[in-house]
Amino acid sequence: MSGTQSAAALAMRAMITAGHRARMIQIAAQLGIAEILARGPADSVLLAAESGCNVAALGRLLSRGERRLRADHGRRVATD
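In my numbering, the protein residues as written are -8 to 71.
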């Protein structure tokens, strides 16, 4: 794989990142993030307070999710 990734390596990477995305969505659902946002815009501090989780941990989750979306779709996603 000198300089380029093989099809098998790319397929493996896609499977791994799909699992990561699924887990991030699962965590957000368990925390009730969608329900909180349905009431109106919220930053990570408010989301953490409302969901009862650590603000730094939630910030990392949201940041990684945003980066993953950008990588998947090749565009910037709005963040707070």
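We put the CB at the ideal spot given by N, CA and C, even for glycine.
- Rounded to the nearest whole angstrom, the C-alpha separation of S42 and I24 is 7 Å.
- Under the 8 Å Cβ criterion, the region 38 to 53 counts as touching the region 11 to 24, having at least three qualifying pairs.
- When secondary structure is reduced to three states using DSSP, S54 falls in the helix class.
- A straight-line Cα-Cα distance of about 19 Å links R14 and A2.
- Per DSSP, reduced to three states, the secondary structure at G10 is helical.
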